[in-house]
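Q:
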Amino acid sequence: MEDQSRVVGGLPDFMEQRLARFQNFVISEWGGRHIFRSQPFTPGDLVLCTNDYLSISNNKDIVDAQCASLREHGAGLMMSSLFNQDPNDALRRVEQTLADAVGAAEGVLTQSGYCANIGLMQAIACPGRPVYIDVIAHASLHAGIRFAGATTVLFRHNDISDLSAKISKDGAGIVVIDSIYSTNGSLAPMRDIVDLAHNRGCLMVVDESHSFGTHGLHGRGLVAGLGLAGKVDFVTVSLAKAYCSRAGFIACPRGFRDYFGFESLPAIFSSSLLPHDVAGIRAAHEVVIGEERRRDRLHSLTRYIRCGLASMGYPVGTDGEQIVALEVGSDLRAAEVRDILEDHGIFGSLFTPPATSKGRSLVRLSLHAGLSDCDVDRLMTTLRNLRVAVRLSTWSGVVRTHH
Ligand SMILES: Cc1ncc(COP(=O)(O)O)c(C=O)c1O
C-alpha cells in the first residue's frame, strides 16, 4: 500500500517540515544566504581557518610516508580495528609511541577526535554517575555523556570553586575539561582542576586537541608538560590539528585498550584507520617532536598578536593561546565581519550556534607558525584599520556553548 504521508515526488511530511524549518531559518535569520558560504582563497591570502598550528600539512616527509604506504599496501583492510589484534601491527606501534609521548601506559587510535570523545565517554560514563564538565568543553564530550546516559553536571568555565561545590554536592564522578578551549583559546587552570579531581576520587579526562603537538617539550602536550600524567586518567586528542592527520587518539591506563575495543560502539561498528593514515601519523609525530622552533614561533607570535589586538581595544584577552576569538554578537554581524576580513584577504572561521550560545557568534582566527613577520604586520595593520568596522561585543572572557 502506498505511504499516504508522502507528498508527490517529495519526502514524508515530517521530513519536509524539518527542511522547511531550516529554509525559513535561512530566510528569516540569515536574509536568505547560507552564511557559511564564503569566498575562495586567492594566492597571498592569510588563511587563519586551519588548525595546522605548526604549518606542516605539506611537509615532504609526511606526504612521502603516506604515498609510500599507499603504494605498498593500497587502501588496506576495510574492517573494524577490533579484528586487528596483532601487537606488532604498525597501528599498534604508533598507538604505543603516542601513549609514551603523553606519559600514559597505553593508547588507542580512533577515526577522529569526535570518535575518541564519544567512544571514551560511552566507555567510562554510566547512568547514576555524575560527569562534571566545563560548560565550553568540546561538543563531542557533551554528546558522549548523553550517549552514555550519564548525568551531565556543567560547571562554569575554568571555575574551580564552582566545580568543587558541585562535587561536594553530587559526589565522586568524572571531571572533563579541554586543556585549551577551541572557541576562544582560553587555557584551563589544569593543575588546580586535576588536583581537585584527584583529591575527591574522581576520574580525570583532558581533551588536548589544541595542545598536543604545540605545547610541552617536544609537543607532548600540557598534561605531560606540567608533570600531571600520573593524575590524569585519560587524554583525548584530535590529530586533525597540529598533527594534520584525519584521526583521534586516547591515552589511557594499562588494560583499558582491550576493554575499549569491546565497549565503545565507534570502535566496534566503524572501520579502522587505513595504513596510509597510520604512516602519516607516524611521520607527523617525528616531524612534530623535532619542531621546537616552530612551537616557539607559534607561542611568541600568539603573545605578540594578542597583546597588539588588546592594545588596539579588541576585547580578546592577553593570556589565551593560539586561537583568537573576535566575538561579534549576532550571526549576521559575525558573517559581515568575516566578509570584511575576507575582503582584506584574511580568512578566519565563522562560529555560530550550536558552537556558541545565541547572540555570541564569533570569527575565530587560528594562528600558525608559518606566518611570516610580514604576514603578522599585515594582519595587525588590517585589524587596526578595521577596528571601527569590526565592532565587537564586550569581552566577558567566556564564550558559552549551547548544548
Ligand atoms: C577540543 C576538540 N576536541 C575534539 C574535536 C573533534 O576532532 P575531529 O575533527 O578530529 O573529529 C575538536 C575539533 O573540532 C576539538 O576542537
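Just so you know, we're using this note's numbering here: the sequence shown kicks off at 32 and counts up by one.
Ideal placement from N, C-alpha and C gives every residue a C-beta, glycine not left out.
Helix, strand or coil: which one does DSSP assign to residue 412?
A: Three-state result, residue 412: helix.
Q: Closest to residue 159 by CA distance: which of 52, 96, 204, 379 is it?
A: Checking every option, the nearest Cα to that of residue 159 belongs to 204.
Q: Excluding five sequence neighbours on each side, which residues of the same chain lie with their C-beta closer than 7 Å to the C-beta of residue 187?
A: Counting only Cβ-Cβ distances below 7 Å, and skipping sequence neighbours, we find 166, 193.
Q: Per DSSP, residue 138 forms a beta bridge with which residues?
A: According to DSSP, residue 138 bridges with 282.
Q: Assuming residue 395 is part of the beta strand (DSSP E), what are its boundary residues?
A: From DSSP, the beta strand (DSSP E) with residue 395 extends over 392-397.
Q: Report buried or exposed for residue 91, applying the criterion of at least 16 other Cβ atoms within 10 angstroms of its Cβ.
A: Looking at its Cβ environment, which holds fewer than 16 other Cβ atoms inside 10 Å, residue 91 is exposed.
Q: Do the CB positions of residue 276 and residue 240 come within less than 8 Å of each other?
A: Not closer than 8 Å, so no.
Q: Quick check: what's the CA-CA separation for residue 83 versus residue 214?
A: If I take the Cα positions, the gap works out to 16 Å.
Q: Between residue 417 and the rest of its own chain, which residues show a CB-CB distance below 8 Å, the 5 nearest in sequence each way excluded?
A: Taken in chain order, the residues that qualify are 371, 372, 375.
Q: Tell me whether the beta-carbon of residue 79 lies closer than 8 Å to the beta-carbon of residue 378.
A: Yes, the Cβ-Cβ distance between residue 79 and residue 378 is below 8 Å.
Q: Does residue 353 pass the burial test, meaning 16 or more other C-beta atoms within 10 Å, or should it be called exposed?
A: Result: buried.
Q: Does the beta carbon of residue 171 fall short of 7 Å from some heavy atom of ligand 1?
A: Answer for residue 171: yes, Cβ within range of ligand 1.
Q: Closer than 8 Å is the cut-off here; do at least three beta carbon pairs connect the stretch 295-305 with the stretch 250-269?
A: Taking 8 Å as the limit for Cβ pairs, the verdict is that the stretch 250-269 does not touch the stretch 295-305.
Q: In chain order, what are the residue ranges of uninterrupted alpha helix (DSSP H) at least 4 long that sit wholly in the stretch 39-110?
A: Those alpha helix (DSSP H) runs which fall completely within the stretch 39-110 and span 4+ residues are 44-61, 91-104.
Q: Drop a sphere of 10 angstroms on the beta-carbon of residue 382, count the other beta-carbons inside from all chains shown, and report buried for 16 or more, exposed for fewer.
A: Buried, because 16 or more other Cβ atoms sit within 10 Å of the Cβ of residue 382.
Q: For residue 161, is the classification buried or exposed, using 16 other Cβ atoms within 10 angstroms of its Cβ as the cut-off for buried?
A: It counts as buried.
Q: Would you kindly work out how many angstroms separate the C-alpha atoms of residue 312 and residue 211, rounded to a whole number?
A: In a straight line, the C-alpha of residue 312 is about 22 Å away from that of residue 211.
Q: At a cut-off of 7 Å, is residue 145 close to ligand 1 when judged by its beta-carbon and the heavy atoms of the ligand?
A: Flag set: Cβ of residue 145 near ligand 1.
Q: Tell me which residue opens and which closes the beta strand (DSSP E) that residue 203 is part of.
A: Per DSSP, residue 203 belongs to no beta strand (DSSP E) and is neither H nor E.
Q: Hey, could you find the ends of the beta strand (DSSP E) residue 289 is sitting in?
A: It is not in any beta strand (DSSP E) - residue 289 instead sits in the alpha helix (DSSP H) that spans 287-294.
Q: For the stretch 314-324 and the stretch 133-148, state whether three or more C-beta atom pairs, one from each stretch, are separated by less than 8 Å.
A: The stretch 314-324 vs the stretch 133-148: no contact.
Q: Taking the beta carbon of residue 349 as the centre, do at least 16 other beta carbons fall within 10 Å, making it buried, or is it exposed?
A: Residue 349 comes out exposed.
Q: Starting from residue 306, follow its DSSP beta bridges and name the residues at the other end.
A: DSSP, once it has assigned bridges, lists no residue as partnering residue 306.
Q: Below 8 Å between beta carbons: does that hold for residue 150 and residue 297?
A: Closer than 8 Å, so yes.
Q: Using a threshold of 7 Å, is the CB atom of residue 165 nearer than that to any non-hydrogen atom of ligand 1?
A: Residue 165 Cβ: outside cutoff for every heavy atom of ligand 1.
Q: Looking at C-alpha atoms only, which residue of 242, 263, 404, 261 is the closest neighbour of residue 253?
A: Closest by alpha carbon: 242.
Q: Which complete alpha helix (DSSP H) runs does the stretch 230-280 hold, if anything under 4 residues is left out?
A: Listed in chain order, the complete alpha helix (DSSP H) runs (minimum 4 residues) inside the stretch 230-280 are 253-256.
Q: Among 361, 342, 127, which one has its Cα closest to the Cα of residue 282?
A: The shortest Cα separation from residue 282 among 361, 342, 127 belongs to 127.
Q: Put residue 380 into one of helix, strand or coil per three-state DSSP.
A: Strand.
Q: Could you work out which residue in 391, 389, 369, 414 is closest to residue 70 when comparing CA atoms only?
A: Closest option to residue 70, Cα to Cα, is 369.
Q: If contacts are defined as beta-carbon pairs under 8 Å, then residue 207 and residue 225 qualify, I think. What distance do you get, rounded to the angstrom?
A: Wrong, their Cβ atoms sit about 12 Å apart, outside the cutoff.
Q: Take residue 86 and list the residues in its own chain whose beta-carbon comes closer than 6 Å to its own, dropping the five residues that flank it on each side.
A: If we look at residue 86 and ignore the five residues flanking it on each side, its Cβ neighbours are 399, 400, 401.
Q: For residue 191, which residues in the same chain have their Cβ closer than 8 Å to its Cβ, ignoring the five residues on either side in sequence?
A: Excluding sequence neighbours, residue 191 sits near 220, 223, 224, 227.
Q: Please state the DSSP three-state secondary structure of residue 356.
A: Looking at residue 356 - three-state DSSP - the assignment turns out to be strand.
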